[in-house]
Amino acid sequence: MSKKLIFPILATILFLNGCKPEDAFDGPDLEDIYGPFFVSELLTISDESIDLASGESTRFNAKFSKNLNWKLEIIGLSSGARHVHEEFSSIMDYNWNGATSILPMFRQESCEVRLTFENQLDTLRDTLAVQSIRPLQGFVLSDFESGVNPDWDPFIQSGSNMSFTVRSNGQAAQGNNYYDMGGTVTWDWLIGLLDIPASAYNVEHFPLSNNPSDVYFNTMIYKPAAYDNGLTLIQFREDDNGDGNYTSGQEDLWAFEISGGSDGWSTISKRYSDIVTLVNGSETAPIGNGLHEPDKIVKVSILFLANPASGYSQAYLDYITFTTGGPLQP
Ligand SMILES: [Ca+2]
Ligand SMILES: [Ca+2]
Ligand SMILES: [Ca+2]
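Per my numbering, residue 1 is the first one in the sequence shown, and the count goes up by one each step.
Next up, the structure:
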């Protein structure tokens, strides 16, 4: 139906309802919503071979005959990484910097590009190549790409089926490698832990902002579908008095727990000012000066725990990093 026909009818209806007829012209162009759909300018991709490591991004452009809901998906063909962008518009002008909506992150791989439209059968397809992975963000404790830092201090119980090790079997959240924590320990909640001292990076304190609202601790963690009993405890020890050491029972020990959640990889980000003191999983009064001082952290510890009666448990870690100004953007 043409605009010429629609507007007199609408004006009459609005008049009968007591509305001002000019209200009919405030909304979107009716032809824009109810007109026929067609792609008036085909999908173009400004750079079909992107080097994310050097900060490249790529721009997607297309035009449609009317405003509608459309969905752009970029899917890593070997990793399964997905980036999803949805919008209501008639003009696509979208820049992608390699960010991931659904882990794992994009690897060096070919990607399918898929553009779909709500209530329309049309699907536009293209491909692009990711030549290198995104630059690392923040102060990275590890992405496990070069193994475990030799100056970390792991402790692993002598239980059964213990697997505190780096793996490279196509299941990493980032890059090629991740850390697999698993095992059965029948006499203790603790299955194993990683102590990560600042000295492993040749510094006395982690080089972080002194503003705890600005600092985020991030890690990617994987929960296997088969095991729901794992509990990951992350601890931060502060050298409140600046003597270079953490004194147990006198200085701040902040912590948070990760348990449950959905199966597969997820990114956990915690603002440092929101982290509390825990004793047996319950929040308690701070031990030290009670100030969150990220610039005084001397050690980060990652403990993997499970109820000893609950049998085997497992979780994976990847991309452990402190970011400033906001959480990690995978
Ligand atoms: Ca990795
Ligand atoms: Ca101290
Ligand atoms: Ca403190």
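Every residue, glycine too, gets a C-beta built ideally from N, C-alpha and C.
Any non-hydrogen atom of ligand 1 within 7 Å of residue i CB
| i | result |
| --- | --- |
| residue 175 | yes |
| residue 318 | yes |
| residue 145 | yes |
| residue 94 | no |
| residue 226 | no |
| residue 222 | no |
| residue 81 | no |
Same chain only: Cβ atoms within 6 Å of residue i, ignoring 5 sequence neighbours per side
| i | result |
| --- | --- |
| residue 95 | 57 and 59 |
| residue 251 | 238, 240 and 288 |
| residue 225 | 263 |
| residue 220 | 173, 265, 267, 318 and 319 |
| residue 151 | 200 |
| residue 141 | 196 and 320 |
| residue 206 | 198 and 297 |
Exposure label - residue i; buried when at least 16 CB within 10 Å
| i | result |
| --- | --- |
| residue 272 | buried |
| residue 177 | buried |
| residue 213 | exposed |
| residue 187 | exposed |
| residue 107 | buried |
| residue 122 | exposed |
| residue 315 | buried |
| residue 275 | buried |
| residue 284 | exposed |
| residue 318 | buried |
| residue 55 | exposed |
| residue 155 | exposed |
| residue 22 | Confidence in residue 22 is poor, its pLDDT being 45 and thus under 50, which makes the residue's placement too unreliable to answer from. |
| residue 243 | exposed |
| residue 40 | exposed |
| residue 143 | buried |
| residue 104 | buried |
Ligand 3 heavy atom lying under 7 Å from the CB of residue i
| i | result |
| --- | --- |
| residue 249 | no |
| residue 291 | yes |
| residue 299 | no |
| residue 296 | yes |
| residue 288 | yes |
Extent of the continuous beta strand (DSSP E) to which residue i belongs
| i | result |
| --- | --- |
| residue 85 | 82-96 |
| residue 192 | 190-197 |
| residue 185 | That residue, residue 185, is in no beta strand (DSSP E); it is neither H nor E in DSSP. |
| residue 315 | 313-324 |
| residue 246 | Residue 246 -> no beta strand (DSSP E), and no H or E assigned at all. |
| residue 153 | 153-156 |
| residue 299 | 297-305 |
| residue 39 | 39-45 |
| residue 238 | 231-238 |
| residue 144 | It is not in any beta strand (DSSP E) - residue 144 carries neither H nor E in the DSSP assignment. |
| residue 203 | Premise fails: residue 203 is in no beta strand (DSSP E) and is neither H nor E. |
Residues of its chain near residue i, where Cβ-Cβ distance is below 7 Å and the 5 sequence neighbours each way are ignored
| i | result |
| --- | --- |
| residue 269 | 216, 218, 327 and 328 |
Cβ-based neighbour list, residue i, same chain, cut-off 8 Å, excluding 5 preceding and 5 following
| i | result |
| --- | --- |
| residue 290 | 252 |
Shell residues, 7 Å Cβ cut-off relative to heavy atoms of ligand 2: 239, 240, 241, 242, 243, 244, 245, 246, 247 and 251
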